[in-house]
Structure formats: C-alpha cells, structure tokens
Amino acid sequence: MMTLHMMTSERDGQARQGRDEYAVEYAQTAGQQAAFFREQAEHHRRQAEQARVFADLSPGDDGAEQNRRAERLETLGRHGDTMAAAFEARARRL
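In structure tokens form, the structure reads like this:
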C-alpha cells in the first residue's frame, strides 16, 4: 500500500527528472544556436575580407561602396559573436 509520503516523493522525483531533461535539451539547443551564430560570424568576416580586397581593386565610388559593405559585414560578424556568447552562457548555466 502506497502512503501519501511515497506518492509525494514519487511525484517530486518525476518532476525533478522532467526539469533535468528539459535543462539538458535546453542546453543542447543553446549550444546548437551558439554554433550557428559562430559560423555566421566567420562567414561575415570572410565576406568582409573579400569586400576589402575588392575595395582596394575598385576605383572611386565602387571602392567606397565595397568599404561600406565590408563595415556592415564586420558589424554582422560582431553581432554573431555576441549572440554566440549569449547562447554559450545559457548552455553553461544549465
């Protein structure tokens, strides 16, 4: 015969297990998001490097436009790093 204490302990154990499973899944998802943003940051950095090369080879306004493009891409790269760091922190917290 189950006592009220046994039923409560069982229910608490199931709740704890559910929280633990959620935490693991959340951390995995956060890790995947961090990896995605790191890849995007690297991609934007490579594109910025290309834009800088094209800027050096392009005369006048074309070169200036390529420099502006490189700046925007570098900004996107920094944003990707920031987002990756935030998701990495979430993954570590759990």
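For the sequence shown, position 18 matches number 17 in numbering that gives the first Met the number 0, and the numbering has no gaps at all.
Backbone N, C-alpha and C fix where the C-beta goes; we use that ideal spot for every residue, glycine too.
Note that this is a predicted model, so its numbers are computed, not measured.
What's the gap between the Cα of residue i and the Cα of residue j?
{"i": "Arg67", "j": "Arg18", "result": "47 Å"}
{"i": "Glu38", "j": "Ala14", "result": "36 Å"}
{"i": "Glu70", "j": "Arg44", "result": "10 Å"}
{"i": "Ala90", "j": "Arg77", "result": "20 Å"}
{"i": "Gln94", "j": "Ala83", "result": "Since the first residue of the chain shown is 0 and the last is 93, residue 94 is not available in this structure."}
{"i": "Asp61", "j": "Ala54", "result": "7 Å"}
{"i": "Asp80", "j": "Phe36", "result": "7 Å"}
In or out: residue i buried (at least 16 other Cβ within 10 Å) or exposed?
{"i": "Gln16", "result": "exposed"}
{"i": "Gly59", "result": "exposed"}
{"i": "Leu56", "result": "exposed"}
{"i": "Ala34", "result": "exposed"}
{"i": "Ala29", "result": "buried"}
{"i": "Ala88", "result": "exposed"}
{"i": "Ala40", "result": "buried"}
{"i": "Gln27", "result": "exposed"}
Between residue i and the ligand MN, is the CB less than 8 Å from at least one heavy atom?
{"i": "Gln27", "result": "Absence of the ligand MN is noted for the structure shown, with no ligands found whatsoever."}
Please go through the segment 39 to 71 and give each complete alpha helix (DSSP H) segment of 4 or more residues, from N-terminal end onward.
-> none
Any contact of the segment 43 to 51 with the segment 19 to 28, i.e. 3+ C-beta pairs under 8 Å?
-> no
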